[in-house]
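Trainee: Got a structure here, written out as structure tokens. Questions coming.
2 protein chains.
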Amino acid sequence: MEQLRNLPLFAGMTDGEIERQIEALRGQRGRVEKGSVLIRQGERVDRFGILLEGRLQGHQVDADGSLSVVSTLGVGMMFGEILIFSDCPAPVTLVALTDCRILWLGPMDLSRTHPTLIGNLLSTIAGEYWALHQKIAYCGIVSLRKRIFAFLSDRSVAAGVPFTVPFDRNGMAAYLNADRSALSRELSRMRNEGILDYHKNRFTLFVSAL
Amino acid sequence: MEQLRNLPLFAGMTDGEIERQIEALRGQRGRVEKGSVLIRQGERVDRFGILLEGRLQGHQVDADGSLSVVSTLGVGMMFGEILIFSDCPAPVTLVALTDCRILWLGPMDLSRTHPTLIGNLLSTIAGEYWALHQKIAYCGIVSLRKRIFAFLSDRSVAAGVPFTVPFDRNGMAAYLNADRSALSRELSRMRNEGILDYHKNRFTLFVSAL
DNA sequence: AAAAATCTGTTGCCACGGCAACGAAATTCA
DNA sequence: TGAATTTCGTTGCCGTGGCAACAGATTTTT
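For the record, the sequence lines run as chains A and B.
Residue numbering for the first sequence follows the working numbering, beginning at 14 and increasing consecutively.
Residue numbering for the second sequence follows the working numbering, beginning at 14 and increasing consecutively.
Spelled out as structure tokens, the structure:
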């Protein structure tokens, strides 16, 4: 309960309302062990989940058969909540990176769902939409250096200096869709030129524009 | 009314329900002339719109000051509907490409909104989310040729042969984020190799895999 | 119908960045 | 604590694809 109260989905709701809504959404807690597949690409989905413990990862097989990592989910994050409102099959496979505890919810009857919860749901989905939009904006920048800088610059104004990025190098490269070694190379150059400094995923920018 | 009934937002609702909901959403029709700005990047937005007539275009200025076209909207499409559920400022500027007629709706009180309309709204937003997701999937393909082919291949299975794409060359290049001339060059090559044929935005694929 | 504007194809140049391969550092596991 | 695994930086190679510039075709404007 303590945990549920802090979830964005239940923001602004009383404990009683939360309990009643979970009931209405046929909530049930479950465990899955490392390696399990929660959602299979191509499947139809009619319930969504909240990750109470553990880590998940979204995989996608492209048309040519190559596999790519789409997203990584941590505690408190939701999955499948967008899918249940689409008529399309799951475009990604969701795998448990570790043993997980999950709160399953759905199917959802909107006429019996609390407006606050619906609002929270919409906010969450909207946020995820703009997150994708942002990623696309970065990927539209042709020069790798400018792409990296735009990303770091945004993080810097959002989080101050120094700041951390929620990625390891591989993840950061994937997000900016660049090659990992190319990313490392460019970061080194920028460090040598005095544009920034970093250690692992902790960065400091020394200039505000390129 | 005739027109409203066919909008995805009002799908499955009776005329009476539609009218009542428009009233609850403080709906008002408006006109804007070519060149007007409907939403300015950075602004807060508390109402959304449905394009009844005309064409709109979304622009975005990157961190380095360069302008890029993000999207183009046609009759029946909504705009701002995701924004009103976010706490972030508008990431794009929306400009009228032609004279337009618009139905403005909002602010929205979820507790007074018909569940069906909420469902339609969620479906629409979910659809837009997966559309972005798809675009990102394409952009993740490193080889331009494979990127183009993945795109055309998907359109082909969805729409048969021959099929049309909703873009001119510029738009298609932007969507696949590629350079227009590079796109033309690659399409030519593929045509010469007998992989496909095309005229303007009408394509025919001759192979199903690359 | 002429003129202006837009869209499309083509081509040469060449640098950016993907790829592979390797070693070092760091983290995880036994 | 040592071994195994993963992460990260570095470097050489070289092909892809961005860029610029131009011509023809198509569309729109007046």
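Virtual Cβ for every residue (Gly too), placed ideally from N, Cα, C.
No experiment lies behind these values; they were computed from the predicted model shown.
When the Cα atoms are used, what is the spatial distance from L86 (chain B) to L69 (chain B)?
Mentor: C-alpha separation (whole angstroms): 5 Å.
Trainee: Quick check on the burial criterion: 16 or more other C-beta atoms within 10 angstroms. Buried or exposed for L118 (chain A)?
Mentor: Per the 10 Å Cβ criterion, buried.
Trainee: Compare the C-alpha of L200 (chain A) against each of A:L223, A:F162, A:D167, A:V174 and name the closest.
Mentor: Closest by alpha carbon: A:F162.
Trainee: Identify each residue in the stretch 70 to 84 of chain A for which the Cβ-Cβ distance to at least one residue of chain B is less than 7 Å, and report them in chain order.
Mentor: So the close ones are Q73, D75, A76, D77, S81.
Trainee: What residue ranges within the stretch 85 to 168 of chain B form continuous beta strand (DSSP E) runs of no fewer than 3 residues, ordered along the chain?
Mentor: As far as the stretch 85 to 168 of chain B is concerned, its whole beta strand (DSSP E) runs of at least 3 residues are 106 to 109, 113 to 118.
Trainee: Secondary structure at D75 (chain A), three-state DSSP: helix, strand or coil?
Mentor: Residue state, collapsed to three classes: coil.
Trainee: In whole angstroms, give me the CA-to-CA distance for G25 (chain A) and M203 (chain A).
Mentor: If I take the Cα positions, the gap works out to 44 Å.
Trainee: For the putative contact between E141 (chain B) and I97 (chain B), defined by C-beta atoms under 8 Å, what is the C-beta separation to the nearest angstrom?
Mentor: E141 (chain B) to I97 (chain B), Cβ: 14 Å. No contact.
Trainee: Going along chain B, which residues have a C-beta under 8 Å from E141 (chain A)?
Mentor: Y142, listed in chain order.
Trainee: Thinking T106 (chain A) and V50 (chain A) are a contact (beta carbons under 8 Å), I'd like their distance in whole angstroms, please.
Mentor: With a Cβ gap of about 6 Å, T106 (chain A) and V50 (chain A) count as contacting.
Trainee: Between A172 (chain A) and chain B, is there a C-beta pair that is closer than 7 Å?
Mentor: Judged by the 7 Å Cβ criterion, A172 (chain A) is not in contact with chain B.
Trainee: Classify S156 (chain B) as buried or exposed, calling it buried when 16 or more other Cβ atoms lie within 10 Å of its own Cβ.
Mentor: By the neighbour-count rule (16 or more Cβ atoms within 10 Å), S156 (chain B) is not buried but exposed.
Trainee: Between which residues of its own chain and E66 (chain B) is the CB-CB distance below 7 Å, once the five residues before and five after are set aside?
Mentor: Closer than 7 Å at Cβ, skipping near neighbours: V88, C113, R114.
Trainee: Answer with buried or exposed for T129 (chain B), where buried requires no fewer than 16 other C-beta atoms within 10 angstroms of its C-beta.
Mentor: Label assigned to T129 (chain B): buried.
Trainee: What are the start and end residues of the alpha helix (DSSP H) that includes G40 (chain A)?
Mentor: Taken as a continuous stretch (DSSP letters only), G40 (chain A) belongs to no alpha helix (DSSP H), as it is neither H nor E.
Trainee: Using a Cβ-Cβ cutoff of less than 6 Å, which residues in the same chain neighbour R44 (chain B) once the five nearest sequence positions on both sides are dropped?
Mentor: Counting only Cβ-Cβ distances below 6 Å, and skipping sequence neighbours, we find R114.
Trainee: How many angstroms separate the CA atom of A103 (chain B) from the CA atom of G71 (chain B)?
Mentor: C-alpha separation (whole angstroms): 11 Å.
Trainee: Taking three-plus beta-carbon pairs below 8 Å as touching, is the stretch 135 to 150 of chain A in contact with the stretch 176 to 187 of chain A?
Mentor: As far as the Cβ criterion goes, the stretch 135 to 150 of chain A does not touch the stretch 176 to 187 of chain A, which means the pair count is below three.
Trainee: Pick out whichever of A:M90, A:E56, A:A109 has its Cα sitting closest to the Cα of D100 (chain A).
Mentor: Among A:M90, A:E56, A:A109, the Cα nearest to that of D100 (chain A) belongs to A:E56.
Trainee: Can you list, in chain order, the residues of the stretch 145 to 159 of chain A whose Cβ is nearer than 8 Å to any Cβ on chain B?
Mentor: Going along the stretch 145 to 159 of chain A in chain order, one finds L145, H146, Q147, K148, I149, A150, C152, G153, I154, K159 with a Cβ nearer than 8 Å to chain B.
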